[in-house]
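Visitor: Have a look at this one.
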Amino acid sequence: MTSKFGKPKPLAGGTKEKIRDAMSSVFNHAIRWEFTDRNPITGPTKRSGVRVSAKRERTPDILDVQEMQLLLAALGVREKAMVFLDMPSGLRRGELAGLKWEDFDFKNLHVSVTRSLVDQHVGPVKTETSRKLMPIDEYVARDLLAWYEVTPYKKPSDYVWATDANRAGTKRGKQPVWLSTVMRDYIQPVGRQLGVNKKISWHTFRHTFSSILKSNGEDVKVVQELLRHSTSRMTLDTYTQALSPHKRAAQSKVVGMIRPKESVFSVYRDKQAVSDVTS
148 MTSKFGKPKP
158 LAGGTKEKIR
168 DAMSSVFNHA
178 IRWEFTDRNP
188 ITGPTKRSGV
198 RVSAKRERTP
208 DILDVQEMQL
218 LLAALGVREK
228 AMVFLDMPSG
238 LRRGELAGLK
248 WEDFDFKNLH
258 VSVTRSLVDQ
268 HVGPVKTETS
278 RKLMPIDEYV
288 ARDLLAWYEV
298 TPYKKPSDYV
308 WATDANRAGT
318 KRGKQPVWLS
328 TVMRDYIQPV
338 GRQLGVNKKI
348 SWHTFRHTFS
358 SILKSNGEDV
368 KVVQELLRHS
378 TSRMTLDTYT
388 QALSPHKRAA
398 QSKVVGMIRP
408 KESVFSVYRD
418 KQAVSDVTS
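Going by my numbering, the first residue of the sequence shown is number 148, and it counts up by one from there.
This is how it looks when you write it as structure tokens:
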């Protein structure tokens, strides 16, 4: 995987561990079919083979409720909609980038996560478990509709965060903005201006969501479903089908905590906007 400018990114410890295990399986099959007589991954004796650590190199920063409120209140329409959707839904960055307007059902308040976009290449989501309907809170839907009103790309097949930059050339409107650029040029500078002395990234919001869910005492199964982990063990170790009322209630509780304090009105006030997006 590379960054926007083609520079290679270092692999995470967990990724290295998976590659090692996969290669070990390949050599075991090779031994079985007599293509080789040893497995260099495991080594000739115990603990003599390839060793990697899946442990995180650094503990990710987590924003508190007040920091989230300040950040959301200070961001522009697009960036606020991005963060307010990303944080209380636990979306991965590629999943957030790959969203299209046709994925949203604003009448029933949910979004279908079906694709992931990494380095502008469209692919499947990380796991089959990730392909689930996710609830979206009414306040989150309202901010998305506010962005819908100003973006020039409103067709159901358009990306929600389609780039409108002239330098995109023929790809203008046909591919999303680089979320890494949005984070670097818009969100992180606002955080610094607000005095938030933490490393903010898209993954920060996923960990923040998990942390708040845990501090609220939500059931681990609910947290697992919201984060779309394949197992509850992954939820517990890494992050401390139907849209159940428990999942929606847990998400709405988080939204209520981080939402900037302002006057409240229903997302259904502009029924025409909802109709335009869902038609």
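Just so you know, even glycine gets a beta-carbon here, dropped at the ideal spot from N, CA and C.
1. Decide if residue 231 is buried, meaning its Cβ has at least 16 other Cβ atoms within 10 Å, or exposed.
2. For residue 240, count neighbouring C-beta atoms within 10 Å of its own C-beta (all shown protein chains included) and say buried if the count is 16 or more, exposed if not.
3. For a minimum of 3 consecutive residues, which ranges assigned as the beta strand (DSSP E) are wholly contained in the region 227-307?
4. Return the chain-ordered list of same chain residues with a C-beta closer than 6 angstroms to the C-beta of residue 262, the five sequence neighbours on each side being excluded.
5. DSSP three-state call for residue 336: helix, strand or coil?
6. Report all residues from its chain with a CB closer than 6 angstroms to the CB of residue 404; omit the five preceding and five following residues, and keep chain order.
7. Output yes or no for whether 8 angstroms exceeds the beta carbon distance between residue 267 and residue 335.
8. Compare the C-alpha of residue 256 against each of 407, 394 and 360 and name the closest.
9. Rounding to the nearest angstrom, what Cα-Cα distance links residue 217 and residue 407 in this structure?
10. Near residue 265, what residues of its chain come up, given a Cβ to Cβ distance below 6 angstroms and the 5 sequence neighbours on each side ignored?
11. How about residue 319 and residue 328: are their beta carbons less than 8 angstroms apart?
12. Taking only three categories from DSSP, how would you classify residue 315?
13. What does the Cβ neighbour count give for residue 226, buried or exposed, with the cut at 16 atoms within 10 Å?
14. Nearest to residue 294 by CA position, among 197, 224 and 191, is which residue?
15. Ordered along the chain, which non-local residues of its own chain (more than five positions away) have a Cβ less than 7 angstroms from that of residue 250?
16. Beta-carbon separation of residue 351 and residue 207 under 8 angstroms?
17. Residue 323 bridges to which residues according to DSSP?
18. On the CB-based measure, 16 or more other CB atoms within 10 Å of its CB, does residue 184 come out buried or exposed?
19. Going by Cα to Cα distance, which pick from 182, 210, 188 and 286 is closest to residue 343?
20. Taking the straight line between their C-alpha atoms, what separation do you get for residue 299 and residue 228?
21. By Cβ distance, which residues of its chain are closer than 6 angstroms to residue 359, with the 5 residues on each side in sequence left out?
22. Determine, using beta carbons only, whether residue 303 and residue 398 come nearer to each other than 8 angstroms.
23. Applying the criterion that 16 or more other CB atoms from any shown protein chain within 10 Å of the CB defines a buried residue, is residue 355 buried or exposed?
24. Can you give the Cα-Cα distance for residue 248 and residue 178, rounded to whole angstroms?
25. Leaving out five residues on either side along the sequence, give the residues of the same chain with a beta carbon under 7 angstroms from the beta carbon of residue 326.
26. For residue 287, collect the residues of the same chain with a Cβ closer than 7 angstroms to its Cβ; drop the 5 residues on either side in sequence, then sort them by chain order.
27. Mind reading off the beta-carbon distance from residue 308 to residue 324? Whole number of angstroms is fine, and I expect it under 8 angstroms.
Guide: Reading from the atomic positions:
1. The residue you call residue 231 lines up with position 84 of the sequence shown. Per the 10 Å Cβ criterion, buried.
2. Start at 1 with the first residue of the sequence shown, and residue 240 comes out as number 93. Buried is the call here.
3. 257-259, 263-265, 268-270 and 280-282
4. Numbered from its first residue, the sequence shown carries residue 262 at position 115. Closer than 6 angstroms at Cβ, skipping near neighbours: 245 and 269.
5. Residue 336 sits at position 189 when you count from the first residue of the sequence shown. Of the three classes helix, strand and coil, the one that applies to residue 336 here is helix, per DSSP.
6. Along the sequence shown, one-based indexing puts residue 404 at 257. Contacts found: 212.
7. Locating residue 267 in the sequence shown gives position 120, where the first residue counts as 1. Locating residue 335 in the sequence shown gives position 188, where the first residue counts as 1. Cβ atoms of residue 267 and residue 335: not closer than 8 angstroms.
8. Within the sequence shown, the letter at position 109 stands for residue 256. Closest option to residue 256, Cα to Cα, is 394.
9. Counting from one through the sequence shown, the residue named residue 217 turns up at place 70. Counting from one through the sequence shown, the residue named residue 407 turns up at place 260. Taking the straight line joining both Cα atoms gives about 7 angstroms.
10. The residue given as residue 265 occupies position 118 in the sequence shown. Cβ within range, chain order: 241.
11. Along the sequence shown, read from residue 1 onward, the residue named residue 319 stands at position 172. Along the sequence shown, read from residue 1 onward, the residue named residue 328 stands at position 181. No, the Cβ-Cβ distance between residue 319 and residue 328 is not below 8 angstroms.
12. The residue you call residue 315 lines up with position 168 of the sequence shown. Of the three classes helix, strand and coil, the one that applies to residue 315 here is helix, per DSSP.
13. For the purposes of this step, residue 226 is taken as the residue at position 79 of the sequence shown. Buried, since its Cβ has 16 or more Cβ neighbours within 10 Å.
14. One-based indexing of the sequence shown puts residue 294 at position 147. Cα-wise, what sits closest to residue 294 is 224.
15. The residue labelled residue 250 in the question sits at position 103 within the sequence shown. 258, 259 and 261, listed in sequence order.
16. Locating residue 351 in the sequence shown gives position 204, where the first residue counts as 1. Locating residue 207 in the sequence shown gives position 60, where the first residue counts as 1. In this structure, residue 207 lies closer than 8 angstroms to residue 351 by Cβ.
17. Looking up residue 323 in the sequence shown gives position 176. 309, per the DSSP bridge assignment.
18. Translated into the one-based positions of the sequence shown, residue 184 becomes position 37. By the 10 Å Cβ count, residue 184 comes out exposed.
19. Walking along the sequence shown from the start, residue 343 turns up at place 196. It is 210 whose Cα lies nearest to the Cα of residue 343.
20. Within the sequence shown, residue 299 is the residue found at index 152, counting from 1. Within the sequence shown, residue 228 is the residue found at index 81, counting from 1. Computed Cα separation, rounded: 16 angstroms.
21. Taking the first residue of the sequence shown as 1, we reach residue 359 at position 212. Same-chain partners within the cutoff: 401.
22. The residue labelled residue 303 in the question sits at position 156 within the sequence shown. The residue labelled residue 398 in the question sits at position 251 within the sequence shown. Contact: no.
23. On the sequence shown, position 208 is the one that residue 355 refers to. Buried, since its Cβ has 16 or more Cβ neighbours within 10 Å.
24. Numbered from 1 along the sequence shown, position 101 holds the residue referred to as residue 248. Numbered from 1 along the sequence shown, position 31 holds the residue referred to as residue 178. The alpha-carbon atoms of residue 248 and residue 178 are separated by roughly 50 angstroms.
25. Position 179 of the sequence shown, counting from 1, holds the residue named residue 326. Here the set comprises 240, 243, 244 and 349.
26. Indexing the sequence shown from 1 puts residue 287 at position 140. Excluding residues within five positions, the ones whose Cβ falls inside 7 angstroms are 231, 232, 235 and 402.
27. Your numbering for residue 308 matches position 161 in the sequence shown. Your numbering for residue 324 matches position 177 in the sequence shown. 5 angstroms between Cβ atoms; contact.
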